[in-house]
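Numbering (my numbering), first residue to last: 6 to 347.
Glycine included, every Cβ here is placed at the ideal spot set by N, Cα and C.
Fair warning: this is a prediction, and the values are worked out from it, not measured in the lab.
The structure under discussion appears below in the form of structure tokens.
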Amino acid sequence: MHNTPTSVVTIERFIIEQERLHPEATGELSGILYDVALAAKLIASKVRSAGLVDILGATHHENVQGEIQQKLDVVANEIIIKAMDHGGRLCAMASEEEPDIIPIPEGFRCGKYVLLFDPLDGSSNIDVNVPVGTIFSVYRKITRGVRGEMEDMLQPGRRQVAAGYIIYGSSTMLVYTTGQGVHGFTLDPSIGEFLLSHPDIRIPERGRYLSVNDSYEDDWAEPVKQLMHSYRGIGGTRKPLSVRYVGSLVADFHRNLLGGGVFCYPGNHRYPQGKLRLLYEANPLAFVVEQAGGLACDGQQRILDVNPTELHQRSPLFIGSRDEVEAASAMLAPAALSASTA
Ligand code: FDP
């Protein structure tokens, strides 16, 4: 396959080409990726018109048809469920927006995969026109029944078969991996197609950027404070990283993936596990970053090796360029990360 940014390759064609590399593939995973791309286009069109709601709608809460306006994260959640539940490829889903497993409705065939997703990450940024994203993660079912169960959801991240994200920014991009590198597609809104724009993304080994909300500094443990000081070059130990914090994980992650950098959301004294969700945020982005040559840890171990115990479990997160995440693990959990990735 010789796809370059100058050849026009739609996401559909790319997925088919990837599938051909696996003669044993049934096409089910490809089908899931098509459906995710469709959901992404539907969500993108809603996000694009978010700022017009108050102009086109009658009030803050009602639209022109007199229906109650739903929050965009709820809309995105429904779009994904409706795009995915009837394809016959999934046996269950789980969403950051829903307390329990989302079953496949009666009457539809169940497939051999589960999908976990955060429908609209960074949603507090929508009102101020700042990029938001969708994050997704796919596992093969491990239980014997027809329907997906909790055990299928609570698998360590290293067992993911696909993961990725969509960023609704100045353009809409879908970035995913199936374990064969990381590939990025940009939505051409005039033809409604995702076109291959970033084949085989590699994250720079050294970071340029540091993404962290340091208003929590007073609550951080001493080693975390020291790590952040070292990233900033305080004490002259290294060239400082430049601070960039959007406050939308997908946007911060995407910048660091392309330009090099580290995103940190440490636990703190008040919230020892931080804020981010292991299954919907940390795991999928960890799979992407490792496939691009980077690393992700929780300060104690590699993210992809954590054994989840709950659907909505939180996890501290240090993710991005290899050198910077190695620095984090060396300061926060000496020797742990290098042992598990060796
Ligand atoms: P949000 O609450 O707006 O959905 O996971 C949620 C998230 O955003 C991430 O996208 C973002 O990186 C983080 O929270 C921001 O949290 P802080 O405001 O605590 O920095």
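| Check | Outcome |
| --- | --- |
| Residues near P110 by beta carbon distance below 8 angstroms, same chain, minus five either side | D90, H91 |
| Same chain, Cβ closer than 7 angstroms to G153, neighbours up to 5 away in sequence not counted | C96, A97, I106, V119, K146 |
| For Y214, the three-state DSSP class (helix, strand or coil) | strand |
| Buried versus exposed, by CB contacts within 10 Å (16 or more), H259 | buried |
| Range covered by the alpha helix (DSSP H) that runs through P271 | Taken as a continuous stretch (DSSP letters only), P271 belongs to no alpha helix (DSSP H), as it is neither H nor E. |
| 6 angstroms CB neighbourhood of Y181 in its chain, flanking five on each side removed | G169 |
| Cβ pair P194, A49 closer than 9 angstroms | yes |
| Inter-residue spacing [alpha-carbon to alpha-carbon] between G174 and I196 | 18 angstroms |
| Every unbroken alpha helix (DSSP H) within the segment 76-139, with a cutoff of 4 residues, ordered by chain | 77-89 |
| Three CB pairs or more closer than 8 angstroms across the segment 211-226 and the segment 183-191 | no |
| Spatial distance of E17 from P209 (CA atoms) | 28 angstroms |
| For S235, the first and last residue of its enclosing alpha helix (DSSP H) | 227-236 |
| Uninterrupted alpha helix (DSSP H) stretches inside the segment 273-347 (no shorter than 4 residues) | 288-296, 327-337, 341-346 |
| Where the alpha helix (DSSP H) containing D40 begins and where it ends | 33-53 |
| Buried versus exposed call for V311 [16 or more other C-beta atoms within 10 Å across all chains shown] | buried |
| Any non-hydrogen atom of the ligand FDP within 8 angstroms of R282 CB | yes |
| Range covered by the beta strand (DSSP E) that runs through D193 | 187-193 |
| Three-pair Cβ contact test at 8 angstroms for the segment 273-281 versus the segment 327-334 | no |
| Rounded straight-line distance, which links the Cα of D257 to that of F323 | 12 angstroms |
| Top-ranked residue by Cα proximity to G133, from L200, P321, A55 | The sequence given here has Val at residue 133, not Gly. The shortest Cα separation from V133 among L200, P321, A55 belongs to A55. |
| Neighbourhood of A297 by C-beta distance below 7 angstroms, restricted to the same chain and skipping five residues each side | V187, I206, R207, I208, L262 |
| Selection from K87, P228, R249 that minimises the alpha carbon distance to S334 | P228 |
| heavy atom of the ligand FDP below 8 angstroms from Y221 C-beta | yes |
| Start and end residues, beta strand (DSSP E) containing H203 | 198-203 |
| Stretch-stretch touch, CB-based, cutoff 8 angstroms, three pairs: the segment 281-298 with the segment 222-238 | no |
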